[in-house]
Structure formats: structure tokens, C-alpha cells
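J.:
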Amino acid sequence: MVRPSFPHRSALTCHVGIAAQPIGPVVFYAGFTRAFLDQPDPARASHDLLRQVVHAVDAISVGKRIVIIDGVGYPAVGSICGVSNADIAAALQPISVLLVGKKGVGDAVDSFNLNATYFSSRHVRVLGGIFNRLPAHGYYSLDQCKAAVTTYFAKMSNLDGYKAYGFVPELDPTTSAISPPDEWHAIVHAMMQHVDVRGIVADASAQATRKRRRFGILHDDQYDDMTMHSAEPIELDTFKKPRNELTIQWKAAAQAAARHMGAPSSA
Numbered sequence: 001m002v003r004p005s006f007p008h009r010s011a012l013t014c015h016v017g018i019a020a021q022p023i024g025p026v027v028f029y030a031g032f033t034r035a036f037l038d039q040p041d042p043a044r045a046s047h048d049l050l051r052q053v054v055h056a057v058d059a060i061s062v063g064k065r066i067v068i069i070d071g072v073g074y075p076a077v078g079s080i081c082g083v084s085n086a087d088i089a090a091a092l093q094p095i096s097v098l099l100v101g102k103k104g105v106g107d108a109v110d111s112f113n114l115n116a117t118y119f120s121s122r123h124v125r126v127l128g129g130i131f132n133r134l135p136a137h138g139y140y141s142l143d144q145c146k147a148a149v150t151t152y153f154a155k156m157s158n159l160d161g162y163k164a165y166g167f168v169p170e171l172d173p174t175t176s177a178i179s180p181p182d183e184w185h186a187i188v189h190a191m192m193q194h195v196d197v198r199g200i201v202a203d204a205s206a207q208a209t210r211k212r213r214r215f216g217i218l219h220d221d222q223y224d225d226m227t228m229h230s231a232e233p234i235e236l237d238t239f240k241k242p243r244n245e246l247t248i249q250w251k252a253a254a255q256a257a258a259r260h261m262g263a264p265s266s267a
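When you line the sequence shown up against full-length UniProt numbering, it's residues 1 to 267, in that order.
(1) DSSP three-state call for R65: helix, strand or coil?
(2) Just to confirm my understanding: we take A11, look at its own chain, exclude 5 residues before and 5 after, and list those with CB closer than 8 Å. What are they?
(3) Give the DSSP-derived three-state secondary structure of Y74 in the structure shown.
(4) Identify the continuous beta strand (DSSP E) that holds A164 and give its terminal residues.
(5) Near V109, what residues of its chain come up, given a Cβ to Cβ distance below 7 Å and the 5 sequence neighbours on each side ignored?
(6) Taking only three categories from DSSP, how would you classify L159?
(7) Can you tell which of K251, M261, P264, A89 has the C-alpha that lies nearest to the C-alpha of F36?
(8) A76 to S84, Cα distance in whole Å?
(9) If the criterion is Cβ atoms closer than 8 Å, does the pair L134 and P173 meet it?
(10) Assuming L99 and G129 are in contact, meaning their beta carbons sit under 8 Å apart, how far apart are those beta carbons, in whole angstroms?
(11) Hey, how far is the Cα of A204 from the Cα of G31?
(12) Helix, strand or coil: how does DSSP classify I130 here?
(13) Can you round the beta-carbon distance between A90 and R122 to whole angstroms, since I take them to be within the 8 Å contact cut?
(14) Do you know whose CA, among T117, L171, V126, S111, lies nearest H137's CA?
(15) Taking the continuous beta strand (DSSP E) assigned at G101, which residues delimit it?
(16) S61 to V67, Cα distance in whole Å?
(17) Buried or exposed: which applies to Q93, given that a residue is buried once 16 or more other Cβ atoms fall within 10 Å of its Cβ?
(18) What first and last residue would you give for the alpha helix (DSSP H) that runs through Y118?
(19) Helix, strand or coil: how does DSSP classify V197 here?
(20) Relative to the C-alpha of N113, which candidate in Y140, M156, D182 has its C-alpha closest?
(21) Please classify V57 as buried or exposed, where buried requires at least 16 other C-beta atoms within 10 Å of its C-beta.
(22) Near A254, which residues of its chain fall below 7 Å by C-beta distance, leaving aside the five closest residues on each side in sequence?
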């Protein structure tokens with residue numbers, strides 16, 4: 001399955017009436033990480049960034065039964081600033097993670113286990129995976145890989161409870177030449193045909209949900225008789241903002257310093 005480009009993903013959510021925030025509150029640009037490390041208290045800066053993410057998720061979650069939070073790259077992306085995918089998931093506990101994996105057999109399973117382990121180290125629950133862009137024919141065809149990988153999850157992964165929820169084919173290359181609405185329809189059709197969407201929703205809903213007081217601290221008596229099996233969520237108001245906030249006010253200076261040191265320009 002060819003993932004829609006960023007503009008198309010944003011247009012897709014508008015087209016089908018899904019509330020979305022196409023760009024999150026934390027945006028990396030040239031010079032961001034080095035400027036972050038120059039903060040007088042990077043740990044406090046990390047918590048401020050996490051708080052911004054939690055607030056954004058809280059805001060878009062109002063009145064919703066299901067919220068999908070799109071990760072970036074591999075699990076550790078952003079770890080230099082304390083905002084890796086796993087750090088963000090831990091801050092949003094309880095949450096369920098679904099990994100989108102590779103085609104193939106050995107590489108697909110090995111990569112899944114590596115990525116799942118990183119989330120597990122942060123006490124984040126991983127449901128399982130969807131394996132993407134499998135060819136229709138050949139030794140690594142969808143049918144052959146599905147049979148082998150499904151066998152692995154049934155026999156070897158039962159202790160962790162991971163599941164293989166689907167195997168998505170590579171779409172016809174001509175799909176990219178059609179209109180965006182037709183491309184979106186093809187992608188949705190492939191997902192519904194090849195992925196156990198109902199199973200994902202059912203397994204994710206089995207995880208207790210946390211009610212957050214808007215922009216405040218959630219206390220123990222505000223949990224609905226839930227048992228926490230993971231790291232405690234961050235208390236949103238216990239960390240003061242860093243003395244030098246990571247804001248647009250000094251973005252230009254950080255980018256200029258990065259260019260002076262030879263960094264490529266960024267949008």
C-alpha cells in the first residue's frame with residue numbers, strides 16, 4: 001500500500017470529515033536538536049514539549065471514541081530531545097501501539113520485535129502489527145509471507161500477546177496517476193479487505209482509558225477503577241517551562257547557526 005503524501009493525508013481527513021491536526025506541536029528543523037541540547041535544563045524542556053503534545057491530543061480527543069496518533073519514522077526518532085515515539089506514547093498512557101511493518105518474513109518479524117521492544121522498555125502496550133506493501137507474486141508474495149508470519153505470531157509470540165492484524169498489498173503503480181479521491185478510495189478498500197480493523201478496535205478498547213482534566217493534573221481518584229500496568233502518565237503541571245523555551249522566537253537564530261555550520265536548509 002502506498003501511503004498518501006502529506007498534503008493528500010491532510011486533504012483525505014477533510015474529504016471524509018475526520019478532525020485532524022496535520023502538523024503536531026513539536027516540529028524539528030535544522031538546528032533544533034543542537035539548540036535543544038544548549039538549554040539550561042534539557043529535562044525540563046523535554047517535559048514542556050511532551051506537555052504540548054498531550055494538550056494537543058487532549059484537545060482533538062474531545063467528543064471522540066477513537067483517536068489515531070501517527071508516529072514518525074522508527075520508535076526512537078526524537079529521543080535526543082526526550083520526545084521519541086515511545087516517550088510520547090508513555091506520556092499518553094494508557095495507549096495501544098500498532099506497528100506498521102515491512103514486507104518479507106525474517107526481516108519483517110525481526111524488525112517488528114526490535115521496534116516492539118523499544119516501546120516495551122517504556123512500558124507501552126503494543127497490540128501487534130500490520131505488514132505493508134507486499135507484492136502480489138513471487139517468493140515474497142503477500143500470500144506466502146502472510147502464511148509464514150501468521151504462523152510465527154501464532155506459535156512464537158503468544159506470551160507477549162502480539163497479533164498480526166493484516167498484510168497489505170502494494171497498490172498498482174497506476175494508482176498514483178488517478179485523482180486523489182480515487183486513490184483514497186483504493187487505499188481504504190485495501191485496508192478494509194486486508195486488515196482486521198474490527199479486531200484492532202476491539203483489542204485497543206480493552207485497554208482502560210484515562211480521563212484527563214483539561215490542562216491539569218490527573219489524580220488517582222480520577223481513574224475509573226483501572227489498574228495501571230505501565231509507567232505513570234506525566235503530571236502536566238508539575239514542570240515549569242524552561243527558561244529558554246523552544247519557540248518560534250529563536251527558531252530563526254537556531255537555523256542560521258545550523259546553516260553557518262554547514263547544515264542543509266530545511267523548510
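Glycine included, C-beta positions come from ideal geometry on N, C-alpha and C. Predicted, not measured: the structure shown is a model, and the values here were computed from it.
T.: Put simply:
(1) For the purposes of this step, residue 65 is taken as the residue at position 65 of the sequence shown. Coil, per DSSP.
(2) As a working note, residue 11 is residue 11 in the sequence shown. Annotation for A11: P180 place their beta carbon closer than 8 Å to its own, counting only its chain and skipping 5 residues before and after.
(3) Counting from one through the sequence shown, the residue named residue 74 turns up at place 74. In the structure shown, Y74 sits in coil (DSSP, three-state: anything other than H, G, I, E or B).
(4) For the purposes of this step, residue 164 is taken as the residue at position 164 of the sequence shown. From DSSP, the beta strand (DSSP E) with A164 extends over 163-169.
(5) Against the sequence shown, residue 109 aligns to sequence position 109. For V109, where only same-chain residues beyond five positions count, the Cβ hits under 7 Å are V149, Y152.
(6) Locating residue 159 in the sequence shown gives position 159, counting from the first residue. Note: L159 maps to coil in three-state DSSP.
(7) On the sequence shown, position 36 is the one that residue 36 refers to. Minimum Cα distance to F36 is reached at K251.
(8) On the sequence shown, position 76 is the one that residue 76 refers to. On the sequence shown, position 84 is the one that residue 84 refers to. Inter-residue distance for A76 and S84 is about 5 Å (C-alpha atoms, whole angstroms).
(9) Here residue 134 refers to the residue found at position 134 of the sequence shown. Here residue 173 refers to the residue found at position 173 of the sequence shown. No; because the gap between Cβ atoms is not below 8 Å, this pair is not in contact.
(10) Counted from its first residue, the sequence shown places residue 99 at position 99. Counted from its first residue, the sequence shown places residue 129 at position 129. Between G129 and L99 the Cβ distance is about 4 Å, and since that is below 8 Å, they are a contact.
(11) If you number the sequence shown from 1, residue 204 lands on position 204. If you number the sequence shown from 1, residue 31 lands on position 31. Near 37 Å, if we compare the C-alpha coordinates of G31 and A204.
(12) Start at 1 with the first residue of the sequence shown, and residue 130 comes out as number 130. Of the three classes helix, strand and coil, the one that applies to I130 here is strand, per DSSP.
(13) For the purposes of this step, residue 90 is taken as residue 90 along the sequence shown, with counting starting at 1. For the purposes of this step, residue 122 is taken as residue 122 along the sequence shown, with counting starting at 1. With a Cβ gap of about 4 Å, A90 and R122 count as contacting.
(14) Position 137 of the sequence shown, counted from the start, is the residue given in the question as residue 137. Minimum Cα distance to H137 is reached at L171.
(15) As a position in the sequence shown, residue 101 is number 101, starting the count at 1. Here the beta strand (DSSP E) through G101 covers 96-101.
(16) Along the sequence shown, read from residue 1 onward, the residue named residue 61 stands at position 61. Along the sequence shown, read from residue 1 onward, the residue named residue 67 stands at position 67. Each residue's Cα considered, the two are about 6 Å apart.
(17) By 1-based counting over the sequence shown, the position of residue 93 is 93. It is buried - the Cβ of Q93 has at least 16 other Cβ atoms within 10 Å.
(18) As a first step, residue 118 is located in the sequence shown; it is residue number 118 there, counting from the start. Start and end: 106-121.
(19) On the sequence shown, position 197 is the one that residue 197 refers to. Here DSSP, grouped into helix, strand and coil, assigns V197 to helix.
(20) As a first step, residue 113 must be located in the sequence shown, where it is residue number 113. Of the candidates Y140, M156, D182, the residue whose Cα lies closest to the Cα of N113 is M156.
(21) Looking up residue 57 in the sequence shown gives position 57. Around the Cβ of V57, a 10 Å sphere holds 16 or more other Cβ atoms; the residue is buried.
(22) Within the sequence shown, numbered from 1, the residue matching residue 254 stands at position 254. Leaving aside the five residues that flank A254 on each side, the residues in its chain whose CB is nearer than 7 Å to its CB run, in chain order, G31, F32, A35.
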